[in-house]
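Chemist: Taking this note's numbering, I'd label the letters of the sequence shown as residues 602 to 803. Please read through the structure below; I'll follow up with questions.
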Amino acid sequence: MSKAAANGRGRRRGKKNAISGQFAPRPIEMLESPAYRVLSLAAHRVLSRIEIELAHHAGKDNGRLPVTYRDFQHYGISLRVIAPAIRELQALGFIEVTERGCGGNADFRQPSLYRLTYRHADNQAGDGTHEWRQIASAKEAETLAKKARRDADPRKIAKGKKQNFAATLCSVSLPQSDSENARVPLPQSDSTVPLPQSGSTI
602 MSKAAANGRG RRRGKKNAIS GQFAPRPIEM LESPAYRVLS LAAHRVLSRI
652 EIELAHHAGK DNGRLPVTYR DFQHYGISLR VIAPAIRELQ ALGFIEVTER
702 GCGGNADFRQ PSLYRLTYRH ADNQAGDGTH EWRQIASAKE AETLAKKARR
752 DADPRKIAKG KKQNFAATLC SVSLPQSDSE NARVPLPQSD STVPLPQSGS
802 TI
């Protein structure tokens with residue numbers, strides 16, 4: 602074998618396990634966990650979109666990751682299943698919503714902020730808080746996931762049985778006097794507020 606061929610073969614061997622470009626690591630323990638195995642397809646996609654946001658922040662700002670409902674929609678998630686999927690991920694311990702978003706016009710609306718529990722956050726020690734580890738069985742995970750999705754059902758929210766955490770209006774302060782301000786709600790925006798739609802879930 603020539604020296605050039607040997608060098609080329611050595612280089613190929615050295616790069617066999619390398620991953621080119623950015624990637625989103627997930628612990629094998631998590632992939633095998635009861636909580637992960639019961640995730641709905643919508644929850645998987647929401648989780649992936651939040652991981653993408655973390656990559657866009659160079660792996661930083663975990664806990665301050667802004668993702669709008671429009672971002673989730675552009676990723677291919679039906680608008681009506683975004684809120685149930687987010688609640689499901691929270692209930693199963695994979696994400697934390699660190700700040701609730703609110704709807705309004707373009708100047709005032711704010712996206713929710715997220716933290717992945719299995720990745721390092723700047724204000725925490727270690728590689729994450731891993732709340733998903735607290736779920737010991739598939740039965741427990743199924744119960745938590747179903748309840749979370751049910752609590753976010755737009756039909757129940759519309760009847761006033763449950764509060765939709767995402768359907769909050771941003772408000773703007775308008776001066777009334779030197780000593781007080783008025784809090785005025787702004788119109789809702791479809792980029793941050795989930796609305797019920799017809800069609801099948803993903």
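Virtual Cβ for every residue (Gly too), placed ideally from N, Cα, C. Predicted model only: the values in this text are computed from it and were never measured.
From the DSSP output, in three-state form, read off Ile651 for me.
Modeler: Helix at Ile651.
Chemist: Straight-line CA distance for Arg751 to Pro685?
Modeler: Each residue's Cα considered, the two are about 7 Å apart.
Chemist: Could you check whether Ala749 and Arg688 sit closer than 8 Å to each other, using their CB atoms as the reference points?
Modeler: Against a cut-off of 8 Å, the Cβ pair of Ala749 and Arg688 comes out as a contact.
Chemist: For the alpha helix (DSSP H) containing Pro685, list its first residue and its last residue.
Modeler: Its alpha helix (DSSP H) spans residues Leu680 to Ala692.
Chemist: For Leu642, which three-state DSSP category applies?
Modeler: If DSSP states are grouped into helix, strand and coil, Leu642 belongs with the helices.
Chemist: Could you give the DSSP three-state label for Thr744: helix, strand or coil?
Modeler: Of the three classes helix, strand and coil, the one that applies to Thr744 here is helix, per DSSP.
Chemist: Taking the continuous beta strand (DSSP E) assigned at Tyr715, which residues delimit it?
Modeler: Ser713 to Leu717 is the extent of the beta strand (DSSP E) around Tyr715.
Chemist: For Ala619 and Gly660, I'd like the C-alpha separation in whole angstroms.
Modeler: The straight-line gap from Cα to Cα measures roughly 19 Å.
Chemist: Pro667 bridges to which residues according to DSSP?
Modeler: Answer is Leu714.
Chemist: Taking 6 Å as the limit between beta carbons, can you name the residues of its chain near Ile653, skipping five residues before and five after?
Modeler: There are no such residues.
Chemist: Please report how far the alpha carbon of Val668 lies from the alpha carbon of Glu700, in whole angstroms.
Modeler: Roughly 11 Å between the two C-alpha positions.
Chemist: Please classify Glu732: does DSSP put it in a helix, a strand, or coil?
Modeler: Reduced to three states, the DSSP call for Glu732 is helix.
Chemist: In chain order, what residues of the same chain lie with their CB nearer than 8 Å to the CB of Gly729, ignoring the 5 residues before and after it?
Modeler: Once the five neighbours on either side are set aside, the close Cβ partners of Gly729 are Leu717, Thr718, Tyr719, Arg720, His721 and Ala722.
Chemist: Given this structure, state the Cα-to-Cα distance separating Lys740 from Glu697, to the nearest angstrom.
Modeler: Approximately 22 Å between the Cα atoms of the pair.
Chemist: Compute the Euclidean distance between the alpha carbons of Gln674 and Ala737, then round it to the nearest angstrom.
Modeler: Their Cα atoms are separated by approximately 32 Å.
Chemist: Measure how close the beta-carbons of Ala742 and Ala636 come, nearest whole angstrom, since I'm counting them as under 8 Å.
Modeler: Confirmed, Cβ separation roughly 5 Å.
Chemist: With H, G and I counted as helix, E and B as strand and the rest as coil, what does DSSP make of Asn618?
Modeler: In this structure, Asn618 counts as coil in the three-state DSSP scheme.
Chemist: In angstroms with no decimal places, state the Cα-to-Cα distance between Arg681 and Arg671.
Modeler: One C-alpha to the other measures close to 12 Å.
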